[in-house]
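See structure below.
In our numbering, the protein residues as written are 52 to 308.
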């Protein structure tokens with residue numbers, strides 16, 4: 052960490068679990084500040100808006116501003132705009148809907164150009180059936196991120212990847228694109244904006260197939276914490292050239308700096 056100018060921190064399983072801070076997380080963030088290391092919070096979890104994330108971080112005693120938080124929803128919005136989508140049908144939360152509408156996208160349940168799938172903790176059968184009908188009628192699908200489970204103190208909970216499997220089983224349709232980690236754009240735009248060197252940045256997270264894979268694709272160091280999903284056995288099962296291979300493994304962020 053001596054040659055690191057900025058860290059990109061996963062949240063669920065890395066900084067907190069549910070509503071509880073990982074032990075030593077706040078002290079680690081204070082050490083980042085003391086050492087002049089820029090820190091950004093990164094999450095594939097699209098169930099909350101930026102404002103909701105900032106409120107949660109502040110409630111946990113972590114000083115945070117909107118500019119500190121990078122979400123898969125940001126990546127999704129950029130992708131939708133890049134391909135000129137306007138009318139969407141959303142399987143997602145009110146918080147996610149607010150971000151999409153604030154970005155100029157229109158929620159259209161009757162004649163959408165694309166179905167957008169997020170981590171919907173407010174999901175119901177009406178949303179599932181309406182989305183399925185659109186997919187059967189040839190409307191394409193895009194997902195905010197690929198995570199199969201969301202970490203919690205009680206074990207993994209169904210996340211967007213699980214919903215993708217549901218829609219594929221029901222309609223045979225897979226997303227034409229999956230945003231968020233491990234897509235390197237989640238952090239590369241911030242690295243370029245700040246004129247940082249990728250090799251002097253680190254991605255810290257608890258997942259191999261998102262956090263560590265993105266670190267490799269973005270050319271930054273990948274630091275795996277064992278406070279969330281991945282285990283040492285998962286790492287041992289990787290091939291030597293796997294993009295999910297971390298640069299460093301620690302028990303938690305409490306071990307860093």
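The C-beta atom is built at its ideal place from N, Cα and C for all residues, glycine as well.
Three-state secondary structure assigned by DSSP to residue i
{"i": "residue 195", "result": "coil"}
{"i": "residue 116", "result": "coil"}
{"i": "residue 205", "result": "coil"}
{"i": "residue 200", "result": "strand"}
{"i": "residue 301", "result": "strand"}
Rounded distance between the beta-carbons of residue j and residue i, thought under 8 Å
{"i": "residue 119", "j": "residue 247", "result": "Not quite, the Cβ-Cβ distance comes to about 15 Å (not below 8 Å), so this is no contact."}
{"i": "residue 100", "j": "residue 135", "result": "So it is not a contact: roughly 24 Å between Cβ atoms."}
{"i": "residue 199", "j": "residue 168", "result": "So it is not a contact: roughly 13 Å between Cβ atoms."}
{"i": "residue 98", "j": "residue 144", "result": "5 Å"}
{"i": "residue 304", "j": "residue 255", "result": "6 Å"}
Cβ-Cβ distance between residue i and residue j below 8 Å
{"i": "residue 92", "j": "residue 115", "result": "yes"}
{"i": "residue 60", "j": "residue 241", "result": "no"}
{"i": "residue 277", "j": "residue 297", "result": "no"}
{"i": "residue 226", "j": "residue 264", "result": "no"}
{"i": "residue 192", "j": "residue 201", "result": "no"}
{"i": "residue 269", "j": "residue 238", "result": "yes"}
{"i": "residue 279", "j": "residue 64", "result": "yes"}
{"i": "residue 197", "j": "residue 261", "result": "yes"}
{"i": "residue 230", "j": "residue 123", "result": "yes"}
{"i": "residue 158", "j": "residue 139", "result": "yes"}
{"i": "residue 113", "j": "residue 156", "result": "no"}
{"i": "residue 308", "j": "residue 90", "result": "no"}
{"i": "residue 165", "j": "residue 142", "result": "no"}
{"i": "residue 176", "j": "residue 195", "result": "no"}
Minimum length 3: unbroken beta strand (DSSP E) runs contained in the segment 122-185:
138-142, 165-168
Contained alpha helix (DSSP H) runs [length at least 4] in the segment 214-296, N- to C-terminal order
If one requires a minimum length of 4 residues, the alpha helix (DSSP H) runs lying completely within the segment 214-296 are 236-244, 264-269, 283-287, in chain order.
Counting Cβ pairs, one atom from each stretch, are 3 or more of them under 8 Å apart for the segment 123-134 and the segment 146-160?
yes
Completely contained alpha helix (DSSP H) runs for the segment 62-114, where each covers 4 or more residues:
Listed in chain order, they are 76-85, 101-110.
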